[in-house]
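> Have a look at this one.
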Amino acid sequence: MHKFTVGQIVEFKPDERTAAPRGSYEVTKQLPHNGHEYEYRIKSVQEEHERTARESQLSQLSSAAGGEAAGK
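Written as structure tokens, this is what we have:
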């Protein structure tokens with residue numbers, strides 16, 4: 253079962269092999285289990301494109317911090 257829902261603001265913490273900025277991202281799509289863990293499509297308000305992230309790279313933000321990070 254997925255830990256995060258579409259529309260949720262999460263903290264993205266890429267590993268050292270991933271050339272991506274850390275920070276707040278919105279979950280745009282839940283992807284199937286990849287054999288190891290669930291994956292998601294995520295989008296930062298600071299970038300035009302989406303990224304794919306593993307569930308282990310994401311953590312939940314508090315609702316107040318998430319709203320501020322998304323510019324809401």
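Counting in the numbering used here, the sequence shown runs from 253 upward without gaps. Beta carbons are placed, not taken as given, at the ideal position from N, Cα and C, and that holds for glycine.
Between L310 and E268, is the Cβ-Cβ spacing less than 8 Å?
Residue 310 sits at position 58 when you count from the first residue of the sequence shown. Residue 268 sits at position 16 when you count from the first residue of the sequence shown. Cβ atoms of L310 and E268: not closer than 8 Å.
> Could you tell me the alpha carbon to alpha carbon distance between R293 and N286, rounded to whole angstroms?
Translated into the one-based positions of the sequence shown, residue 293 becomes position 41. Translated into the one-based positions of the sequence shown, residue 286 becomes position 34. Each residue's alpha carbon lies about 13 Å from the other.
> Taking only three categories from DSSP, how would you classify R303?
If you number the sequence shown from 1, residue 303 lands on position 51. Strand.
> Select from P273, E289, H254 the residue whose C-alpha is nearest the C-alpha of R303.
Counting from 1 along the sequence shown, the entry for residue 303 is found at position 51. Considering only alpha carbons, the answer is P273.
> Exposed or buried, what is S308 when buried is set at 16 or more other beta-carbons lying within 10 Å of its beta-carbon?
In the sequence shown, the residue the question calls residue 308 occupies position 56. Exposed, since its Cβ has fewer than 16 Cβ neighbours within 10 Å.
> For the beta strand (DSSP E) that E278 lies in, which residues bound it at each end?
In the sequence shown, residue 278 corresponds to position 26, counting from 1. Taken as a continuous stretch (DSSP letters only), the beta strand (DSSP E) holding E278 covers 275-285.
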